[in-house]
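Trainee: Using this note's numbering, you'd call the opening residue of the sequence shown number 499 and step up by one each time. Ideal Cβ positions, reconstructed from N, Cα and C, are used throughout, including at glycine.
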Amino acid sequence: MAVERGKPVKKGKREKIWTLVKEALDLTQARKVLVVPCAESGKKSIWFLPEIYALGAQVVGADLSPSMLHKEWGWLASEVPLVVCDIRSLPFKDGTFDLVMNQRFICHFTEEFRTKALSEMRRVTSGFLFIHYESNLTFKYLSRKLREKLGLRKRPPRAFHGGDFDWKSTKHPLGHVKLGNNEIKRELKKGGFQVVKVKPLFPLLSDRWFYLAKKM
Ligand SMILES: C[S@@+](CC[C@H](N)C(=O)[O-])C[C@H]1O[C@@H](n2cnc3c(N)ncnc32)[C@H](O)[C@@H]1O
Numbered sequence: 499m500a501v502e503r504g505k506p507v508k509k510g511k512r513e514k515i516w517t518l519v520k521e522a523l524d525l526t527q528a529r530k531v532l533v534v535p536c537a538e539s540g541k542k543s544i545w546f547l548p549e550i551y552a553l554g555a556q557v558v559g560a561d562l563s564p565s566m567l568h569k570e571w572g573w574l575a576s577e578v579p580l581v582v583c584d585i586r587s588l589p590f591k592d593g594t595f596d597l598v599m600n601q602r603f604i605c606h607f608t609e610e611f612r613t614k615a616l617s618e619m620r621r622v623t624s625g626f627l628f629i630h631y632e633s634n635l636t637f638k639y640l641s642r643k644l645r646e647k648l649g650l651r652k653r654p655p656r657a658f659h660g661g662d663f664d665w666k667s668t669k670h671p672l673g674h675v676k677l678g679n680n681e682i683k684r685e686l687k688k689g690g691f692q693v694v695k696v697k698p699l700f701p702l703l704s705d706r707w708f709y710l711a712k713k714m
C-alpha cells in the first residue's frame, strides 16, 4: 500500500474519534466508504481517508470545495478518488457505498438543508451512516443558557470559516445547531435511518455526539 504521508493519529480528541470510526468500520464490515465532506480541518484532520484506505477499504472523499479538497488530499489522489460535489446532489448511483461518513458538517445547516443532505446520503448508502451531530447536553451549553436567561451573556454571532462556496443561503441562523439526543434520533428516523449506536466523544464535556445508523 503506497500511503505514507498520512499524519499519525495523535492522542486525545483525534485518537478518540478514530476509535469511534474504527468501531463503525468493524461493526458494519464496510468495504466501500464515502467520506463527505472531507476537507477543512488542516493539521487536526479527522476525515481519516489514509487510515481507512490503509485498512483495505475502498474509500472515496467528496467535498464541495476543490481548493480545500486538493490542498488537503491532493497527495493521496492516486490512491483515493476525490470528487468535487454538493452533498445535496451526490454523483453516485443508489447504494454505491456500504457506509457514508459525515463529520463537522450537519450542525452548520438549516433543517431544510439537513433533510436534503440526509436524503442523498441515504440514497448512496446500501447500509450505514456514521454521522456527527452537536449535542445540547454539555455543561458549557447548559451554563451558557443559564447565563443568557439571567441576562449575563449576550450571544455574539458565530463566524463560519473556510470554503469557496456560497454557504450563506443554507447556513443555520444560529451558526451551529445543537440538538437533544431524542431530536437527533427523530431527525435520523425521518431521514430513513434507524440509530444503531450513539457515542458522545466526552460525555457532558464535548458537544460531539456520533451516531451509527442503519438505512431503513
Ligand atoms: C462545513 S465545513 C466545516 C466548517 C467548520 N470550520 C468546522 O470545521 O466545523 C467542512 C467542509 O464542508 C464542505 N462543504 C460545505 N458545503 C458543502 C456541501 N454542500 N456539500 C459538500 N461539502 C460541503 C466544505 O468545503 C468544507 O471542506
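(1) Around the C-beta of residue 527, are 16 or more other C-beta atoms found within 10 angstroms, so that it is buried, or is it exposed?
(2) Within its chain, find whatever has a CB closer than 8 angstroms to the CB of residue 661; leave out the 5 residues flanking it on each side and keep chain order.
(3) Can you tell me which of 533, 546, 629 and 680 puts its alpha carbon nearest to the alpha carbon of residue 513?
(4) State the Cα-Cα distance for the pair residue 700 and residue 511, rounded to the nearest angstrom.
(5) Just mark residue 714 as buried or exposed, buried being the case when its beta carbon has 16 or more other beta carbons within 10 Å.
(6) Please report the residue range of the beta strand (DSSP E) in which residue 621 lies.
(7) Under 8 angstroms between the Cβ atoms of residue 624 and residue 593?
(8) Whose C-beta lies closer than 6 angstroms to the C-beta of residue 588 among residues of the same chain, with five residues either side of it excluded?
Mentor: Quick answer:
(1) exposed
(2) Only weak support is given to the placement of residue 661: the predicted model assigns it a pLDDT of 42, under 50, and the value that follows is read from those uncertain coordinates. Correct list, in chain order: 538, 562, 563 and 566.
(3) 546
(4) 9 angstroms
(5) exposed
(6) Unbroken run through residue 621 is the alpha helix (DSSP H), 609-622; no beta strand (DSSP E).
(7) yes
(8) 618 and 622
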